[in-house]
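Asks: The structure under discussion is supplied below as structure tokens; questions concerning it will follow.
Residue numbers (the UniProt record's numbering), protein chains in the order written: chain A, 1 to 442; chain B, 1 to 442.
As structure tokens, this is what we get:
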């Protein structure tokens, strides 16, 4: 495949190293870059943000348990030890597949011999992009901070309010989408609210608060086995979350959600109802399938573009059984590791690649303190033990030892004292809305 | 003094407790509230922000060493253990001294028997308030985050730039004002920049960077003895800071500072050139003196208003030698502790107050790693030992054990590894400017 490309890449001078450009520094992009680190390959990583982000714990930033810096770090630092890797903070605006360059928002072009597209996914508002302002998803630090501010500010306003109806509306959160993100947010908001009402506020009662989780389908956590879903449902209800299934949202405005025949006055809406691939398919003039994902070959190259690869949420890869691979961090990470190694073998030694194979490491969701679920395919785990395992795994997956230490210290502290973390309102940010409709996975 | 007021306060019913309202939850307000905690006095603390903030370490947030949540905590949590204290997130718009109420921005009135004004200070732009947008001070988390974003974004842009002049401008920071804040910021920016250039960036050289500290007077750190000032000057120059004294700033725009006959192209300007009291004097229809500070009696009541007290940066208190007390955290804290005890003794036991006396605990400034100065009046300390003492004292002064633990862990980690902390750019906030011209000390 594309041997002439490698030679083209080398014709500028016999010692000129092959160039790999990676767009997006999420789980997939970083794994690719890591596998290409300290090789005689010239690697450039382009991202619109300066930091990577451990998205699985972002809900803890949104619910004031962790600080943004606990789960993110500058991409330059993550990749700093690899002298062959350059990092660029820039936005890609197009790909010139014939001339083999990537165009940036500042007008410059970056040449490549191999291009890796790892731009992740964005929340799908299914044609209602105007809902985004009132119902942010949970993909960026900015969104997490926005949700945190709305939640905390609503409680402060409720404390001052003398109108019982207004008080109730201020203390009502609506989470749309019953997948892992929705379940985690609903559980965490219920916990945070209960904690704040019992400890910190004088004029609020626990029954003033409502946390509503709306799912359009017949059950929450649809990808998990029934016994785990049942457990999660009970755990959510025990935490005070009202779970409403088979209910489709019709309208989202600043302070109201309409679903079916019901109207919910609310101060905080969170969107977790589905994702679509980042729109990078249009750079290549192709049409993405199934949520905009780009179909890839077994070697992860994009069909029809042998020198361009797509991984992670952007790519539509197939499992051995022919089913699409899920949009999960572990898929992106495994694809990145595979692709980095494959490019290294191909570009340096001319070795062709074995097809990519996904190894399922288990699927998890956390409902709250002492309550999580794990699905390992052959066996499952739930309850306190699953929660401890979840915490261990997530600390382990953090990017470096310092973050592991900081997050562990805070979690242990909070587990023992039942205190909460970063409950800050930055007034200048509290009223802003997410500005972009296209987001890179960072 | 004002015995009839207490009786007035008590006429609503014999069991009605006396009411103390405290505006501002900075060092002074929190100390007052703490001293009134768990007493039969009805205390209300009003602040426009939900968190207190340990301002002495705010420069470490601005220079990406600490996270905002490491040095701030919800006021509700700090005061949560005192059942007699209510917290309100609101902005005070006026005081009705005859009717004894405080008016809030939402139109409601809060009655008091004794009122404590502890609203702190704001940076003084000496009539050039339009400079604020380009030269933020360092009083709030929002400003610290804004400075952090500007610094980090400038380095990212410089890495991509091919124009040497532009590169230099992007890597030039100008700090206006040679007091402790200016010195701390200049030292920390020089350290951060040097670290990032040598470790993380591929296309930047140390001599691309300039950190310029401008002081209008003849010397920096004017309140410190000469031997310490000399040491600080040498330490700054060793760190690569250009210190320019006797230089008055004439103009600040988005990317240029003009001072004397010099023009500095820059990407980041920081203001530390002087403070003025928060404008709460106007609530009472009086004119503040010396930077807007409100003159107070020896018992800290405002001259002419025996039931209203002012403490901290807002107040113009006098030392025993008749000189004005400096605008320092330790003054605010001591005044708050004194006033809380005095109000308790007066309101509960009818005991009159002894005059307030300030005890100087020593004055300090930090230039960078292993370099700080202490002035204890009779003796001084400088260098590495002063730096360790500075670190110990500041960890000890943090609001609770969890913050002490988190900050210690991070500082020790960074001291050993020479790594840096929270280097995050949140793109939505990077372009915003401070919105308010009046800021409460929080």
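Don't be surprised by glycine CBs; every beta carbon is placed ideally from N, CA and C.
In angstroms with no decimal places, state the Cα-to-Cα distance between residue 29 (chain B) and residue 406 (chain B).
Replies: If I take the Cα positions, the gap works out to 25 Å.
Asks: Following the continuous beta strand (DSSP E) through residue 418 (chain B), name the residue where it begins and the one where it ends.
Replies: Per DSSP, residue 418 (chain B) belongs to no beta strand (DSSP E) and is neither H nor E.
Asks: Have a look at residue 129 (chain B) and residue 242 (chain B) and give me their C-alpha separation to the nearest angstrom.
Replies: Straight-line Cα distance between these residues: approximately 26 Å.
Asks: Applying the criterion that 16 or more other CB atoms from any shown protein chain within 10 Å of the CB defines a buried residue, is residue 323 (chain A) buried or exposed?
Replies: Exposed, because fewer than 16 other Cβ atoms sit within 10 Å of the Cβ of residue 323 (chain A).
Asks: Using a Cβ cut-off of 7 Å (strictly closer), state whether residue 308 (chain A) contacts chain B.
Replies: With 7 Å as the cut-off, residue 308 (chain A) does not count as an interface residue toward chain B.
Asks: How many angstroms separate the CA atom of residue 48 (chain A) from the CA atom of residue 108 (chain A)?
Replies: Going from the Cα of residue 48 (chain A) to the Cα of residue 108 (chain A) covers about 15 Å.
Asks: What did DSSP end up calling residue 399 (chain B) once you bin it into helix, strand or coil?
Replies: Reduced to three states, the DSSP call for residue 399 (chain B) is coil.
Asks: Closer than 7 Å by C-beta to residue 411 (chain B): which residues in its own chain qualify, once you throw out the five before and the five after it? Chain order, please.
Replies: Excluding residues within five positions, the ones whose Cβ falls inside 7 Å are 391.
Asks: Return no unless some Cβ of chain A is closer than 7 Å to the Cβ of residue 440 (chain B).
Replies: With a pLDDT of 31 at residue 440 (chain B), under the threshold of 50, the modelled position of that residue is not reliable, and no figure is offered here.
Asks: 7 Å is my cut-off, CB to CB: does residue 200 (chain A) come that close to chain B?
Replies: Judged by the 7 Å Cβ criterion, residue 200 (chain A) is in contact with chain B.
Asks: Is the Cβ-Cβ distance between residue 384 (chain B) and residue 375 (chain B) less than 7 Å?
Replies: Not a contact, by the Cβ cut-off of 7 Å.
Asks: Comparing C-alpha positions only, which one of B:118, B:167, B:178 sits nearest to residue 337 (chain B)?
Replies: If we check each option's Cα against that of residue 337 (chain B), B:118 comes out closest.
Asks: Tell whether a beta-carbon distance below 7 Å holds between residue 52 (chain A) and residue 275 (chain A).
Replies: It is not a contact, given that the beta carbons lie outside the stated cut-off.
Asks: Give the residues of chain A in contact with residue 141 (chain B), contact being defined as C-beta atoms less than 9 Å apart.
Replies: In chain order: 424, 426.
Asks: Cβ atoms of residue 340 (chain A) and residue 191 (chain A): under 7 Å apart, would you say?
Replies: The answer is no: Cβ separation not under 7 Å.
Asks: Anything in chain B within Cβ reach of residue 409 (chain A), meaning under 7 Å, just list it in chain order.
Replies: Neighbours of residue 409 (chain A) on chain B, chain order: 405, 406, 409.
Asks: Using only the alpha-carbon positions, how far apart do residue 260 (chain B) and residue 223 (chain B) sit?
Replies: Their backbone Cα atoms lie some 24 Å apart in a straight line.
Asks: Assuming residue 196 (chain A) is part of the alpha helix (DSSP H), what are its boundary residues?
Replies: That run of the alpha helix (DSSP H) goes 180-199.
Asks: Quick check: the segment 60-67 of chain A against the segment 184-204 of chain A, are there 3 or more CB pairs under 8 Å?
Replies: Result yes; three or more Cβ-Cβ pairs closer than 8 Å.
Asks: For the beta strand (DSSP E) containing residue 96 (chain B), name the first residue and the last one.
Replies: Run containing residue 96 (chain B): 92-96, per the beta strand (DSSP E) assignment.
Asks: Among B:155, B:40, B:181, B:147, whose alpha-carbon lies nearest the alpha-carbon of residue 199 (chain B)?
Replies: Residue B:155 is the option with its Cα nearest to residue 199 (chain B).
Asks: If we ignore side chains and look at the alpha-carbon of each, how far apart do residue 2 (chain B) and residue 56 (chain B) end up?
Replies: Unreliable placement is indicated for residue 2 (chain B), whose pLDDT of 41 sits below 50; no coordinate value is reported for it.
Asks: Would you report the Cα separation of residue 425 (chain A) and residue 27 (chain B), rounded to the nearest angstrom?
Replies: Near 19 Å, if we compare the C-alpha coordinates of residue 27 (chain B) and residue 425 (chain A).
Asks: With a cut-off of 8 Å on the beta carbons, I'd call residue 41 (chain B) and residue 18 (chain B) a contact; round off their distance for me.
Replies: Indeed they touch by this definition, with Cβ atoms about 5 Å apart.
Asks: Counting C-beta neighbours from all protein chains within 10 Å, is the total for residue 98 (chain A) 16 or more, i.e. buried, or is it exposed?
Replies: It counts as exposed.
Asks: Residues bridged to residue 72 (chain A) by DSSP?
Replies: Beta-bridge pairing links residue 72 (chain A) to A:53.
Asks: Counting pairs of Cβ atoms below 8 Å between the segment 144-160 of chain B and the segment 287-295 of chain B, do you hit three or more?
Replies: No, they do not touch.
Asks: How would you write the range of the beta strand (DSSP E) that residue 368 (chain B) sits in, first residue to last?
Replies: Counting along the chain, the beta strand (DSSP E) containing residue 368 (chain B) begins and ends at 363-368.
Asks: Classify residue 363 (chain B): buried if its beta carbon has 16 or more other beta carbons within 10 angstroms, exposed otherwise.
Replies: Burial call: buried.
Asks: In angstroms, rounded to a whole number, what distance separates the CA positions of residue 5 (chain B) and residue 100 (chain B)?
Replies: Because residue 5 (chain B) sits at a pLDDT of 40, beneath the cut-off of 50, its placement in the model cannot be relied upon, and the point is left open.
Asks: Is the number of C-beta pairs between the segment 171-179 of chain B and the segment 208-223 of chain B that are closer than 8 Å three or more?
Replies: Judged by Cβ distances under 8 Å, the segment 171-179 of chain B makes contact with the segment 208-223 of chain B, as three or more pairs qualify.
Asks: Would residue 386 (chain A) and residue 373 (chain A) be called neighbours here (beta carbons separated by less than 7 Å)?
Replies: Cβ atoms of residue 386 (chain A) and residue 373 (chain A): closer than 7 Å.
Asks: Name the chain A residues whose beta carbon is nearer than 7 Å to that of residue 77 (chain B)?
Replies: Here the neighbours are 200.
Asks: Compute the Euclidean distance between the alpha carbons of residue 164 (chain B) and residue 141 (chain B), then round it to the nearest angstrom.
Replies: One C-alpha to the other measures close to 33 Å.
Asks: Starting from the C-beta of residue 313 (chain A), find all residues in its chain whose C-beta is less than 7 Å away, skip the five residues before and the five after it, and write them out in chain order.
Replies: Answer for residue 313 (chain A): 120, 121, 275, 277, 327, 332, 441, listed in chain order.
Asks: Residues of chain A with CB closer than 7 Å to the CB of residue 88 (chain B), please, in chain order.
Replies: Chain A residues near residue 88 (chain B): 160.
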